[in-house]
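Visitor: Letter by letter, the sequence shown follows residues 50 to 437 of our numbering.
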Amino acid sequence: MIPLTTPVIEADDLEAVREALVSGHLVQGPRVVAFEEAIARRVGAEYAVAMSSCTAALHASMLSIGVRAGDLVIVPAYSFIATANVVELCGAQPIFVDIRADTFTMDPERLAASLDSHMAVSREHPRVRAVVPVHAFGQLADMDAILSVAGRYEVPVIEDAACALGARFRGRHAGTLGTIGCFSFHPRKAITTGEGGVAVTPDPEIAQRLRALRNHGLDPASQSRDYIMPGLNYRMTEIQAALGLSQLRKLDRLVVARKKLAERYDALCSKTGLRPPVTLDHTEPVYQSYVVLLPGRQPALYSDLPALIQDRGVEVTLAAQHMPMTRYFRERYGYEPGDFPVADSICERSLSLPLYQGLTPSEQEYVVDTTVDCLSQLADAMPKLSGT
Ligand SMILES: *Cc1c(COP(=O)(O)O)cnc(C)c1O
């Protein structure tokens, strides 16, 4: 089986974890501090606050800027479900906007329309408290437009950069373009700490609140052990941080390796009906996943495709979630097919192909050939299935 992905764990990673374990200091110690400093340096951020996951970092980020009941937070319709869940868990309402069909990221025109309607209404109408663009699969959202539209209303931008560590926009690092940026170190991302995440920010007060929020509300600025707000336990362990430090040293190498694999996939896909991801001008993406768009003929049949391809020894998956069409959000807010037409179409047709260091050219060829083959097999079966 060619797996979807596999983390890169080498001798130095094992040694780093062993050292952390024998140090006797397992949680929130010197390795976490060193990891935060290394991340901040790497992405050019003022402050970095490590947490137990990117979901934790996103949740704490919402709380740190005061998102609460009655607030609205604008998110793209298409992302990993955590982007919307953390808003809902603050008692606020995620306002979904449709995505661009080429990059799978938030459509700035839809964002502008949404902000205009929600900010203009009336004094009593709940305020939009944040805008959360997602750098989907490591492709940058259209940040010039998003920052300018959000800036018109002075709404903070929180980047869900879970997949985008190492990506750049006009030379600046993804995650450092707005008020807060959050990265993930889940094993599905380029570098991993098992579970883990970090929030970066240029704002010292937000950084202090993030530090308090991850540690039960303990005042990070004082020795007095006083609690300045209700907080959570979102701390990172020393074991995770040790692994993060050794993984971070591989980031450049892994980004280059994944880019090379993506370019090979681009070339292979160009001879097929599979449409490779689109990269915006002035951006340097990273490839957390390589997601292709299937030809738009019979999306209803594409749900059978992953299993068919898997039977031939290639692990693939439909790429991300159409969040407003998941059961909870659909039932709570009454969304229907057609409310987000681009996400409707992209969600059914986007397929994530295997991508990891060590994937060989002949394996990549097999992945693309098999995908194309299974697609035509489905297309042939189509008339029979539809009874014509
Ligand atoms: C992976 C991911 C997350 C969640 O990260 P965890 O570290 O697993 O909590 C959030 N948003 C996006 C877009 C992701 O891809």
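Built from N, CA and C at the ideal position, the CB exists for glycine as well.
Quick caveat: nothing in here was measured; it's all calculated off a predicted structure.
Evaluate L75 with the Cβ neighbour count: other Cβ atoms within 10 Å of its Cβ, from every protein chain shown; 16 or more gives buried, anything less gives exposed.
Guide: Numbered from its first residue, the sequence shown carries residue 75 at position 26. L75 comes out exposed.
Visitor: Verify whether the separation of the beta carbon atoms of I123 and L164 is less than 8 Å.
Guide: The count along the sequence shown starts at 1 and reaches residue 123 at position 74. The count along the sequence shown starts at 1 and reaches residue 164 at position 115. The answer is yes: Cβ separation under 8 Å.
Visitor: With respect to 7 Å, is the separation between the Cβ of V183 and the closest non-hydrogen atom of ligand 1 below this value?
Guide: Position 134 of the sequence shown holds residue 183. The answer is yes for V183.
Visitor: Per DSSP, which one or two residues make a beta bridge with D209?
Guide: Residue mapping note: residue 209 aligns to position 160 of the sequence shown, counting from 1. The partner list for D209 (beta bridge, DSSP) reads V183 and C231.
Visitor: Please list the terminal residues of the continuous alpha helix (DSSP H) segment that includes G246.
Guide: Position 197 of the sequence shown, counting from 1, holds the residue named residue 246. Where G246 is concerned, there is no enclosing alpha helix (DSSP H), although the beta strand (DSSP E) it sits in stretches over G246 to T250.
Visitor: To the nearest angstrom, how far is it from the Cα of A439 to the Cα of M100?
Guide: The structure shown does not extend to residue 439, since the chain is modelled only from 50 to 437, so the question has no answer here.
Visitor: Could you tell me if S102 is buried or exposed, where buried requires 16 or more neighbouring beta carbons within 10 angstroms of its beta carbon?
Guide: Here residue 102 corresponds to residue number 53 of the sequence shown, with the count starting at 1. By the Cβ-count criterion, S102 is buried, with 16 or more other Cβ atoms from all chains shown falling within 10 Å of its own Cβ.
Visitor: Within this structure, are the beta carbons of V92 and L303 separated by less than 8 Å?
Guide: Along the sequence shown, read from residue 1 onward, the residue named residue 92 stands at position 43. Along the sequence shown, read from residue 1 onward, the residue named residue 303 stands at position 254. Going by C-beta atoms, V92 is not nearer than 8 Å to L303.
Visitor: Examine the Cβ distances between the stretch 278 to 296 and the stretch 105 to 119 and report whether three or more of them are shorter than 8 Å.
Guide: With the rule of 3 Cβ pairs closer than 8 Å, the stretch 278 to 296 counts as touching the stretch 105 to 119.
Visitor: With a threshold of 8 Å between beta-carbons, can T228 be considered close to chain C, or not?
Guide: Here chain C cannot be found, since the structure has a single protein chain.
Visitor: Where do the ends of the beta strand (DSSP E) carrying I144 lie?
Guide: Sequence index remark: in the sequence shown, residue 144 carries index 95 (1-based). Residues Q142 to V146.
Visitor: Could you give the residue range of the beta strand (DSSP E) that holds I195?
Guide: Numbered from its first residue, the sequence shown carries residue 195 at position 146. From DSSP, I195 is part of no beta strand (DSSP E) but of the alpha helix (DSSP H) over M192 to R201.
Visitor: Indicate whether the contact test is met: 3 or more Cβ pairs, each with one atom in the stretch 382 to 396 and one in the stretch 146 to 155, closer than 8 Å.
Guide: Contact between the stretch 382 to 396 and the stretch 146 to 155 is present, because at least three Cβ pairs lie under 8 Å.
Visitor: Please classify D21 as buried or exposed, where buried requires at least 16 other C-beta atoms within 10 Å of its C-beta.
Guide: Since the first residue of the chain shown is 50 and the last is 437, residue 21 is not available in this structure.
Visitor: Kindly confirm or deny that the stretch 242 to 259 and the stretch 288 to 302 touch, where touching means at least three C-beta pairs closer than 8 Å.
Guide: The stretch 242 to 259 makes contact with the stretch 288 to 302; the number of CB pairs closer than 8 Å reaches 3 or more.
Visitor: Report whether the distance from the Cβ of A131 to the nearest heavy atom of ligand 1 is below 7 Å.
Guide: The residue labelled residue 131 in the question sits at position 82 within the sequence shown. Checking every heavy atom of ligand 1 against the Cβ of A131, one is found closer than 7 Å.
Visitor: Among E86, P269, I195 and T420, which has the Cα closest to the Cα of P344?
Guide: Within the sequence shown, numbered from 1, the residue matching residue 344 stands at position 295. It is T420 whose Cα lies nearest to the Cα of P344.
Visitor: Could you give the distance in angstroms between the alpha-carbon of D315 and the alpha-carbon of P325?
Guide: Counting from 1 along the sequence shown, the entry for residue 315 is found at position 266. Counting from 1 along the sequence shown, the entry for residue 325 is found at position 276. Taking the straight line from one Cα to the other gives about 6 Å.
Visitor: Ordered along the chain, which non-local residues of its own chain (more than five positions away) have a Cβ less than 7 Å from that of V98?
Guide: As a first step, residue 98 must be located in the sequence shown, where it is residue number 49. The residues are E85, V247, A248, A256, L259, R260 and R263.
Visitor: DSSP puts P125 in a beta bridge; with which residues?
Guide: Numbered from 1 along the sequence shown, position 76 holds the residue referred to as residue 125. DSSP, once it has assigned bridges, lists V146 as partnering P125.
Visitor: Could you check the C-alpha separation between L366 and T54 for me, to the nearest Å?
Guide: Here residue 366 refers to the residue found at position 317 when the sequence shown is read from its first residue. Here residue 54 refers to the residue found at position 5 when the sequence shown is read from its first residue. A small correction: the amino acid at residue 366 is Thr; Leu does not occupy that position in the sequence shown. So the two alpha carbons sit approximately 11 Å from each other.
Visitor: Alpha carbons only, please: which of A141, A239 and A270 is nearest the one belonging to R307?
Guide: In the sequence shown, counting from the first residue as 1, residue 307 sits at position 258. Ranking A141, A239 and A270 by Cα distance to R307 puts A239 first.
Visitor: CA-CA distance, H331 and G73?
Guide: For the purposes of this step, residue 331 is taken as the residue at position 282 of the sequence shown. For the purposes of this step, residue 73 is taken as the residue at position 24 of the sequence shown. H331 and G73: Cα-Cα distance of roughly 46 Å.
Visitor: Please classify T45 as buried or exposed, where buried requires at least 16 other C-beta atoms within 10 Å of its C-beta.
Guide: As shown, the chain starts at 50 and ends at 437. That puts residue 45 outside it, with no answer to give.
Visitor: Does the distance from the C-beta atom of A216 to that of P348 stay below 8 Å?
Guide: Residue 216 sits at position 167 when you count from the first residue of the sequence shown. Residue 348 sits at position 299 when you count from the first residue of the sequence shown. Cβ distance not < 8 Å, so A216 and P348 don't count as in contact.
Visitor: Let me check you understand the geometry: is the CB of H235 closer than 7 Å to at least one non-hydrogen atom of ligand 1?
Guide: Counting from 1 along the sequence shown, the entry for residue 235 is found at position 186. Under cutoff, so the answer is yes.
Visitor: Rounding to the nearest angstrom, what Cα-Cα distance links T437 and S425 in this structure?
Guide: As a position in the sequence shown, residue 437 is number 388, starting the count at 1. As a position in the sequence shown, residue 425 is number 376, starting the count at 1. Any reading at T437 is ruled out, since the residue's pLDDT is 40, under 50, leaving its predicted position unreliable.
Visitor: Tell me whether T419 sits in a helix, a strand or coil according to DSSP, three-state version.
Guide: Position 370 of the sequence shown, counted from the start, is the residue given in the question as residue 419. Correct three-state label for T419: helix.
Visitor: Using DSSP with H/G/I as helix, E/B as strand and the rest coil, what is V76?
Guide: If you number the sequence shown from 1, residue 76 lands on position 27. Strand at V76.
Visitor: Taking Cβ positions, are M372 and I130 nearer each other than 8 Å?
Guide: Taking the first residue of the sequence shown as position 1, residue 372 is located at position 323. Taking the first residue of the sequence shown as position 1, residue 130 is located at position 81. The answer is yes: Cβ separation under 8 Å.
Visitor: Given 7 Å as the limit, tell me if G227 has its C-beta closer than that to any heavy atom belonging to ligand 1.
Guide: As a first step, residue 227 is located in the sequence shown; it is residue number 178 there, counting from the start. Because no heavy atom of ligand 1 lies under 7 Å away, the Cβ of G227 does not count as near it: no.
Visitor: Taking the Cβ atom as the reference point for each residue, do G115 and R178 lie within a distance shorter than 8 Å?
Guide: Along the sequence shown, read from residue 1 onward, the residue named residue 115 stands at position 66. Along the sequence shown, read from residue 1 onward, the residue named residue 178 stands at position 129. Yes, Cβ-Cβ distance for G115 and R178 is below 8 Å.
Visitor: Considering just the uninterrupted stretch of the alpha helix (DSSP H) at V135, what are its terminal residues?
Guide: Taking the first residue of the sequence shown as position 1, residue 135 is located at position 86. Unbroken alpha helix (DSSP H) run through V135: A131 to L138.
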